[in-house]
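**Q** Let me begin by handing over the structure; questions about it come next.
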Amino acid sequence: MKVLVIEDNEELAQNITSYLTREGYICELATNHFQAIDKLNGFKYDCIVLDIILPDGNGLDILSHIKSEKIDSGILIISAKNSLDDKVNGLELGADDYLTKPFHLPELNARLKAIYRRKYLQGAYEIRFNEIYINTDNMEVSVNDNMLDLTRKEYALLLYFLTNQNRVLTRQTIAEHLWGDYTDNLMNFDFVYQHVKNLRKKIVQADGKDYIETVYGLGYKLNTNK
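As structure tokens, then:
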């Protein structure tokens, strides 16, 4: 899961991003309103952790921007203000959940997973596609009941394909989804080819079909018609 954390408290922001990264997330950080808008306009995120109080603006204004620009991300508001008005306003503007500071990081993780399941997996924690099975809670993948030994990047790549079936995903889009804004400094995206190749090989070795097609000049797509 790719997450943007919008939080101006340096210690809390570091704690959140470090914890979520250890849990397998791709995390990016914005510490103010300007940075947040810039990242939201340039990249796509599965979920956004949004603080209401920022040094140069209000998180609810960012939420309004997200909705007006039709940015399709799950949104978890975090705020030290345990105010009913803040909670109601945030949810009415389109937030998916609200968490009051201070909170435990495992609870934040659980809330993000729940938002992801509701938004992208119809509320389920399992994905079944023909012979491929994914348990998103423990990040286990099997093909024809054979467990796959995937790296975290390969797991994230397979999940990305399965939640974007029959859509062409460019190499740049895949790179940004798996590595975040670190891709800004890369000369090319040739490494995406290697990750796709390794994933396809492992699925086929487990007697699965090779659903991932190369769309020459563009990228890749998972073809459900095979």
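So in full-length UniProt numbering, the last one in the sequence shown is 226, and the numbering has no gaps at all. Positions of the beta carbon are idealized from the N, C-alpha and C atoms, including for glycine.
1) Whole angstroms are fine: how far does the CA of residue 157 sit from the CA of residue 221?
2) Does chain D have any CB closer than 8 Å to the CB of residue 94?
3) Note down, in chain order, each residue of its chain lying with its Cβ closer than 7 Å to the Cβ of residue 45, except the 5 sequence neighbours on either side.
4) Could you compute how far the alpha carbon of residue 212 sits from the alpha carbon of residue 173?
5) Can you tell which of 41, 24 and 93 has the C-alpha that lies nearest to the C-alpha of residue 178?
6) Does residue 138 come out as helix, strand or coil in the three-state DSSP assignment?
7) With 16 other CB atoms within 10 Å as the buried threshold, where does residue 87 fall?
8) Going straight from the alpha carbon of residue 66 to that of residue 11, what length do you get?
9) Please report how far the alpha carbon of residue 166 lies from the alpha carbon of residue 127, in whole angstroms.
10) Which residue from 130, 79 and 116 puts its Cα closest to that of residue 136?
**A** So, from the listed chains and residues:
1) 11 Å
2) In the structure shown, chain D does not exist; there is a single protein chain.
3) 2, 3, 4 and 73
4) 16 Å
5) 24
6) coil
7) buried
8) 26 Å
9) 16 Å
10) 116
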